[in-house]
Each structure stands twice: as C-alpha cells, then as structure tokens.
Amino acid sequence: MKNIKIAFWVIIAGFILLLLFQNQDIITAKHSFKLDLMIADEYHTPELPNGVIYFVCLLTGFFIALFAGLAERFKFKKNIRNLKTANDSQLEEISALKSRLESLQSVSAKPAETVVENAED
5 MKNIKIAFWV
15 IIAGFILLLL
25 FQNQDIITAK
35 HSFKLDLMIA
45 DEYHTPELPN
55 GVIYFVCLLT
65 GFFIALFAGL
75 AERFKFKKNI
85 RNLKTANDSQ
95 LEEISALKSR
105 LESLQSVSAK
115 PAETVVENAE
125 D
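All the letters of the sequence shown, read from the start, carry residue numbers 5 to 125 under this note's numbering.
Here it is as structure tokens:
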C-alpha cells in the first residue's frame with residue numbers, strides 16, 4: 005500500500021511538472037496590476053511573472069480557508085471538552101450507583117440467609 009501511495013504521488017507530480025513545462029510561456033509572462041481609487045494617483049505593482057501571481061493567489065486562498073475554519077475548530081474543541089466533562093461526571097455517577105446497588109444487594113441478601121437458617125432450625 006505504501007508503494008502504491010508513493011507511485012500515485014509521483015504520477016501526480018509528473019503531471020503537474022508536465023503541465024508547467026508545456027505552459028511555460030504563460031507562466032513566465034509578466035503582468036502589472038494597477039489600482040485607481042479616484043482619490044489619488046494610480047498605483048502600479050511591479051511587473052511579476054504569472055507563476056508568482058498564481059502562487060500568491062494559491063497561498064491567499066489557503067490562508068483564507070485556514071482562518072475561516074479556525075472559529076469552527078475552536079467551537080468543536082470547546083464542545084468536545086464539555087462533552088468529555090459531562091461524560092466523566094456521568095461515569096462517576098454510574099460507579100457511585102453501582103457501589104450503592106452492590107451495598108443494597110449485600111444488605112438484602114443477609115436477611116434472606118438468616119431467614120433460611122431460622123427455617124432449618
């Protein structure tokens with residue numbers, strides 16, 4: 005199974021490299037962005053290759069998804085913590101009830117034994 009995973013990732017990496025190599029002219033083409041807020045002068049970014057722009061967009065999307073999921077992840081951790089606390093308290097209550105049941109069973113078993121002994125006499 006480990007060799008299959010390695011082969012799968014090698015094939016995926018090969019396809020990505022093939023895609024990058026065959027589209028090298030698009031990836032290395034340079035572009036500049038301009039920002040015009042109509043308040044001040046226009047702002048132009050330096051010319052950057054498309055590959056760098058694509059990579060920055062990929063990282064930006066990754067971090068947006070990461071931070072968007074953080075709040076939900078914290079909620080889940082808090083919920084898990086509360087459920088574990090409730091589970092522990094219920095387990096303690098179960099063990100206390102079991103010990104109480106055992107003590108009640110031992111108390112009720114003793115008089116029955118004495119009744120049987122008295123009946124034999």
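Virtual Cβ for every residue (Gly too), placed ideally from N, Cα, C.
- For I31, the uninterrupted alpha helix (DSSP H) segment begins and ends at Q28 to T32.
- Our two residues, A100 and T89, have alpha carbons roughly 17 Å apart in a direct line.
- Under the three-state reduction of DSSP output, L41 falls in the coil class, being neither helix nor strand.
- Under DSSP, P53 takes part in a beta bridge, and its partners are K34.
- For Y47, the closest C-alpha among the options K82, I57, K38 and N7 is that of K38.
- Sequence-distant partners of P50 (beyond 5 residues in either direction) whose C-beta falls short of 8 Å from its own C-beta, in its chain, are S36.
- In terms of Cβ geometry, I31 and L24 form a close pair [threshold 8 Å].
- Listed as beta-bridge partners of Y47 by DSSP are L39.
- Going by C-alpha positions, A11 is about 26 Å away from L63.
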